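Student: First the structure, which I've put down as structure tokens, then a few questions once you've had a look.
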Amino acid sequence: MRVIFAGTPDFARVALARLHGAGFEIPLVLSQPDRPAGRGMKLQASAVKQWAESHGIAVAQPRSLRLDGKYPDDAAAARAAIEAAQADVMVVAAYGLILPQWVLDMPRLGCLNIHASLLPRWRGAAPIHRAIQAGDPQTGVTIMQMDAGLDTGDMLRVEKVAIQATDTTATLHDKLAALGGQMIVQALRLAAAGGLHPVRQ
6 MRVIFAGTPD
16 FARVALARLH
26 GAGFEIPLVL
36 SQPDRPAGRG
46 MKLQASAVKQ
56 WAESHGIAVA
66 QPRSLRLDGK
76 YPDDAAAARA
86 AIEAAQADVM
96 VVAAYGLILP
106 QWVLDMPRLG
116 CLNIHASLLP
126 RWRGAAPIHR
136 AIQAGDPQTG
146 VTIMQMDAGL
156 DTGDMLRVEK
166 VAIQATDTTA
176 TLHDKLAALG
186 GQMIVQALRL
196 AAAGGLHPVR
206 Q
């Protein structure tokens, strides 16, 4: 199965490494453009880009994927790269760009998102931080079939994780990142066999 991966921070890097280790063919990775970071504010590549390049995987960094948006040339170049990759599915984890309909429609199996909450709770950004801040007793990871809404697609797999009194955003991040990596490998293997059963949120 050919997989395009779209993600940016360390949470996503864990899933990318897991997919690669499981033997999935990854012809293309999408990640956010390099950003200034650190004291010197030097341009720094994302965790996902660094990992992909160190493993010889092509990386595209469009500023936008909207063909009618502010950066149509970026979007057009990304579209050409995605088409050329001929992927069966796109896996998205903490990417940071909204995917327009043309992206959602392009892979044969669509786009699957690894989201660090028990949807529909904590849709959108910073779900790990929000779960701890709210005092939730548990959280988890949802693998979701992406649609045009913000984390509103059908759920394909859900796993719960208890939030311990000693958990911080960092410890919970690491638990959920590892779990997300395991779950997306399982989900893609099931998808290849036609064994995924979507559930509405």
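If you count the sequence shown from 1, you need to add 5 to reach my numbering.
Beta carbons: idealized from backbone N, C-alpha and C, even for Gly.
Treat the numbers as computed from the prediction; the structure is a model and nothing was measured.
1) From L70 to V53, what distance separates their C-alpha atoms?
2) Would T147 pass as a contact of V166 if the rule is Cβ separation under 7 Å?
3) Work out the CA separation of A175 and D39 for me, nearest whole Å.
4) Evaluate the contact criterion for the region 119 to 128 versus the region 41 to 48: three or more CB pairs, one atom per stretch, below 8 Å.
5) Could you work out which residue in D156, A85, A197 is closest to R205 when comparing CA atoms only?
6) Could you compute how far the alpha carbon of L21 sits from the alpha carbon of A63?
7) Taking I31 as the reference, give the member of D73, L114, M95 with the closest Cα.
8) Rank M160, L109, T171, I119 by C-alpha distance to the C-alpha of P142 and give the top, closest one.
9) Rounding to the nearest angstrom, what Cα-Cα distance links E58 and V34 in this structure?
10) What are the start and end residues of each continuous alpha helix (DSSP H) run of 4 or more residues lying completely inside the region 66 to 134, in chain order?
11) Is it the case that the Cβ atoms of P112 and A121 are separated by a distance below 7 Å?
12) For the putative contact between A136 and D15, defined by C-beta atoms under 8 Å, what is the C-beta separation to the nearest angstrom?
13) Between G185 and A98, how many whole angstroms is the CB-CB distance? I'm expecting something under 8 Å.
Tutor: Straight from the coordinates:
1) What you label residue 70 is simply residue 65 of the sequence shown in a count that begins at 1. What you label residue 53 is simply residue 48 of the sequence shown in a count that begins at 1. When rounded, the distance between both Cα atoms is 18 Å.
2) Here residue 147 is taken as the residue at index 142 of the sequence shown, counted from 1. Here residue 166 is taken as the residue at index 161 of the sequence shown, counted from 1. No, they are not a contact pair.
3) Residue 39 sits at position 34 when you count from the first residue of the sequence shown. Residue 175 sits at position 170 when you count from the first residue of the sequence shown. When rounded, the distance between both Cα atoms is 23 Å.
4) In short, these stretches do not touch, since the Cβ pair count stays below three.
5) Position 200 of the sequence shown holds residue 205. The residue from D156, A85, A197 with its alpha-carbon nearest to that of R205 is D156.
6) On the sequence shown, position 16 is the one that residue 21 refers to. On the sequence shown, position 58 is the one that residue 63 refers to. Whole-angstrom Cα-Cα distance: 13 Å.
7) Indexing the sequence shown from 1 puts residue 31 at position 26. For I31, the nearest C-alpha among the options comes from M95.
8) Residue numbering aside, residue 142 sits at position 137 when the sequence shown is read from its first letter. Minimum Cα distance to P142 is reached at T171.
9) Here residue 58 is taken as the residue at index 53 of the sequence shown, counted from 1. Here residue 34 is taken as the residue at index 29 of the sequence shown, counted from 1. C-alpha of E58 to C-alpha of V34: approximately 9 Å in a straight line.
10) Along the length of the region 66 to 134, whole alpha helix (DSSP H) runs at least 4 residues long occupy 77 to 90, 106 to 110, reported in chain order.
11) To locate residue 112, count along the sequence shown from 1; it is residue 107. To locate residue 121, count along the sequence shown from 1; it is residue 116. Going by beta carbons, P112 and A121 fall outside the 7 Å limit.
12) What you label residue 136 is simply residue 131 of the sequence shown in a count that begins at 1. What you label residue 15 is simply residue 10 of the sequence shown in a count that begins at 1. Taking the Cβ atoms as the reference, A136 lies roughly 18 Å from D15, outside the contact range of under 8 Å.
13) Position 180 of the sequence shown, counted from the start, is the residue given in the question as residue 185. Position 93 of the sequence shown, counted from the start, is the residue given in the question as residue 98. Confirmed, Cβ separation roughly 7 Å.
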